[in-house]
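This report concerns only the one structure given below.
2 protein chains.
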Amino acid sequence: MVTIYHIAKATGFSPATVSKVLNNYEDVNLKTKKKILEAVEELGYLPNSHARSLITKKSWIIGVVFIESLGIGMKHPFFNAVIESFRQHVEVQGYDLLFASRSISNKQKSYLDYFKYRGVDGVVIVSSTYEDEQVQELMNSRLPSVVIDLKSDKSCVVYSDNVHGSFEAVQYLHSLGHRKIAHIAGHSTTFAGKQRLKGYVEVMKKLGLSVPEDYIVDGEFFSRDSGYEAMKKLLALRNPPSAIYAAGDNLAIGAMEAIREAGFGVPDDYSVIGFDDIELSEMFHPSLTTLRQQTELIGEKSGELLLNQINTRQKSVESVVVPVELMIRSSCRSI
Amino acid sequence: MVTIYHIAKATGFSPATVSKVLNNYEDVNLKTKKKILEAVEELGYLPNSHARSLITKKSWIIGVVFIESLGIGMKHPFFNAVIESFRQHVEVQGYDLLFASRSISNKQKSYLDYFKYRGVDGVVIVSSTYEDEQVQELMNSRLPSVVIDLKSDKSCVVYSDNVHGSFEAVQYLHSLGHRKIAHIAGHSTTFAGKQRLKGYVEVMKKLGLSVPEDYIVDGEFFSRDSGYEAMKKLLALRNPPSAIYAAGDNLAIGAMEAIREAGFGVPDDYSVIGFDDIELSEMFHPSLTTLRQQTELIGEKSGELLLNQINTRQKSVESVVVPVELMIRSSCRSI
DNA sequence: AAACAAAATGAAAACCCTTACAATTGTATT
DNA sequence: AATACAATTGTAAGGGTTTTCATTTTGTTT
């Protein structure tokens, strides 16, 4: 491996001068700079990031934490879209993303300890579950952080305007003439689930619509299966709804499967509206009317927030709420 | 930051002994080990990975390279599934995954140079395009590597049995009575595309079926749009096929859209079979008959292959071909 | 109690780099 | 020619760890 010492020897200058050239210091003669750069090129020198980070205490690495209840990791359509956008935005500034195993010589550590060990410059956390003590620990630490899909007063966060999304969803159904509107809710340990439920309840009240207790049914962790099961319960009601607002597209799709299986049609018999706008939604038949989460924007904002903290070298607390967009497609009809 | 020196001072032993305890050396008294471990606990000591890697030349990091022609990065359904599985398999041995930006102090570098700079222990490459000089450089280097979805005699590789997949697809259509079978092919710079085309041509010949020139139509980079366009061409033929074997599920879905749009039905008028088994395929209506790529297995095998090289500290060359599974659903019918 | 072997500990170098500051060289001013 | 000053270069310390090998301590045997 060729080091700055080799370059120094080859050019007759000292390692310090070589280092200065490599780091674009001003106080080095243009001729020597040229010579050194030539030698660098010729010998194929590459810096050593470990040595560099050791002394500068800067790793150019951002740790990523992925906590989702489905166990699908990077296959999670919302999370991977957000992270991809995030990655693109921090990449141009030279940051790498680290997906951590969390074990230091076979000992399992917390995310925080592990990231300290790795010396990351900051962390991006994508977490749906509300109460995860590892996430709490990260947010409360002095490590720059940005959390996606959660609210907090300890860390930068960015999330979609879930409450307003519920307003749009229900108001849209209302405008189509629906009055019996049910909600398949996300799990209550989930920030998004809670907020969407809250919005649903509020707007129903505001519109003067009644919410029978069994119009709110648990959709667990936003999976298709839970949507399917939830819809079966709604179908079994003596007074079933005419429209269903599902807290997630997968829930909505599961619900539509249940409706189809029961011999009914969407939107003819039941109108369905989802949340997320995953890829599937547009392709599904009928295509799903849904509230689009702006994943690119969320990733971008998260990147900005984190980079700000890293560049100013101090943790900050800031919230960005990203608006959602109602995507009107073909799963709802007027009555 | 607390270092081994602090532990040394606190316990009265030397840094060397502390280090030995931390690394589970045998030649240290149990009592001193206990004392040191207590101090470690009490002072909240954490090792410094940079210092460690600097001297041991081992980073416990695996670099990942994602090259796909759609520009969707981690949103790519096949790639993210494979990487997720890979991650799970290397995680248990303590390896982290690094998604690299490739810029060293604002200078853009090749993947190889960048990974040398970062001191990664190996790289996993997911690449569909055949001729990428950056990928070639990586494969030819002495850095342990495993490539997914490509063939090579310079690096470990793992890929699905594309040729056999084509056999299964066409034979299945043949067994349903189809004789006019067209192929929407993946781009020819693509290993998978080429192999699937090759298999298609071979099995058609073997079955004694003619392949009119215009039965093979270019599907570009496996996108839905290209599938849609390709199918339009097939529909415009004077003697259109009765069945279409698409080299990818997105192509197949695009094709089905074109069929539907032209006023025809699947499978009533046209049978369609895909390749991949992405999530969408099962949910689509009609659900898509396709060749399933075993993403978990591919990820697992890749992990094994790479870890082997890392553990034995020498690059090896080995190929694993993973069988595909025909998933019979409802997009094909017998005639 | 001596002699030796075995076990435990530590000193020091090494890994590769950055940076504060000292030393040197060059240039301008008187 | 002497001085002051700016520009350039180099010395050396330090970042936190591992590891070799010498040294010290402990234990065993006679």
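From first to last, the protein sequence lines are chains P and Y. Just so it is clear: in the first sequence, position 142 is 259 by my numbering, and no numbers are missing. Just so it is clear: in the second sequence, position 112 is 229 by my numbering, and no numbers are missing. For each residue, glycine too, the CB sits at the ideal point set by N, CA and C.
query, result
"For residue 234/Y and chain P, any beta-carbon pair shorter than 8 Å?", "yes"
"Residues of chain Y with CB under 7 Å from residue 198/P, in chain order?", "192"
"Would you kindly work out how many angstroms separate the C-alpha atoms of residue 312/Y and residue 269/Y, rounded to a whole number?", "14 Å"
"Reducing DSSP to helix, strand and coil, say where residue 225/P ends up.", "strand"
"Rounded to whole angstroms, what is the Cα-Cα separation between residue 275/Y and residue 400/P?", "31 Å"
"Going by CA-CA distance only, name the one from 338/Y, 296/Y, 394/Y, 407/Y that's closest to residue 452/Y.", "296/Y"
"Can you name the start and end residues of the alpha helix (DSSP H) that residue 203/P belongs to?", "194 to 208"
"Could you pull out every residue in the same chain whose Cβ sits closer than 6 Å to the Cβ of residue 420/Y, ignoring the five residues on either side in sequence?", "203, 206, 207"
"Measuring alpha carbon to alpha carbon, tell me which of 307/Y, 324/Y, 301/Y, 326/Y ends up nearest residue 349/Y.", "301/Y"
"Considering Cα atoms alone, identify which of 227/Y, 317/Y, 210/Y is closest to residue 223/P.", "210/Y"
"Helix, strand or coil, according to DSSP, for residue 183/P in the structure here?", "strand"
"Is residue 239/P near residue 410/P, with beta carbons less than 8 Å apart?", "no"
"Taking residue 212/Y as the query, report the chain P residues whose CB atoms sit under 8 Å from its CB, ordered along the chain.", "218"
"Under 8 Å Cβ-Cβ, which residues of chain Y neighbour residue 204/P?", "190, 191, 216"
"Grouping DSSP H, G and I as helix and E and B as strand, with all else coil, what is residue 307/Y?", "strand"
"Whole angstroms is fine: what's the gap from residue 264/P's alpha carbon to residue 316/P's?", "22 Å"
"Please give me, in chain order, every unbroken run of the alpha helix (DSSP H) with length at least 4 that falls completely inside the stretch 363 to 432 of chain Y.", "366 to 378, 396 to 400, 412 to 429"
"Assuming residue 405/P and residue 382/P are in contact, meaning their beta carbons sit under 8 Å apart, how far apart are those beta carbons, in whole angstroms?", "Contact flag wrong, Cβ pair sits at about 14 Å."
"At what residue ranges does the stretch 292 to 336 of chain P contain a whole run of the beta strand (DSSP E), taking only runs of 3 or more?", "298 to 302, 333 to 335"
"In the stretch 130 to 147 of chain Y, which residues sit with their C-beta less than 9 Å from some C-beta in chain P, listed in chain order?", "139, 140, 141"
"Between the stretch 195 to 202 of chain Y and the stretch 185 to 205 of chain P, can you find at least three pairs of beta-carbon atoms closer than 8 Å?", "yes"
"Three or more beta-carbon pairs under 8 Å between the stretch 249 to 266 of chain P and the stretch 224 to 231 of chain P, yes or no?", "yes"
"Under DSSP, the beta strand (DSSP E) around residue 213/Y begins and ends at which residues?", "213 to 216"
"With a threshold of 8 Å, are at least 3 pairs of Cβ atoms found where one atom belongs to the stretch 276 to 295 of chain P and the other to the stretch 327 to 346 of chain P?", "no"
"Check the Cβ of residue 166/Y against every Cβ in chain P and list those closer than 7 Å, keeping chain order.", "234, 235, 236"
"Along the stretch 388 to 420 of chain P, what residues have a CB closer than 8 Å to any CB found in chain Y?", "396, 397, 400, 401, 402"
"For residue 372/Y and residue 197/P, I'd like the C-alpha separation in whole angstroms.", "27 Å"
"Starting from residue 276/Y, trace the beta strand (DSSP E) in both directions and tell me its first and last residue.", "273 to 277"
"Who are the neighbours of residue 230/P on chain Y, taking C-beta pairs under 9 Å?", "161, 163"
"Excluding sequence positions up to five away, which residues of its chain have a Cβ less than 6 Å from the Cβ of residue 245/Y?", "185, 266, 307"
"Please list the segments of the alpha helix (DSSP H) lying wholly inside the stretch 232 to 268 of chain P, counting only runs of 4 or more residues, in order along the chain.", "250 to 257"
"Kindly indicate the opening and closing residues of the beta strand (DSSP E) around residue 443/P.", "442 to 444"
"Since residue 157/Y is in the alpha helix (DSSP H), which residue starts that stretch and which ends it?", "147 to 160"
"Looking at residue 332/P and residue 360/P, is the spacing between their C-beta atoms short of 8 Å?", "no"
"Just to confirm, are residue 179/Y and residue 135/Y a CB contact at a threshold of 8 Å?", "no"
"If I follow the unbroken beta strand (DSSP E) through residue 439/P, where does it start and stop?", "436 to 439"
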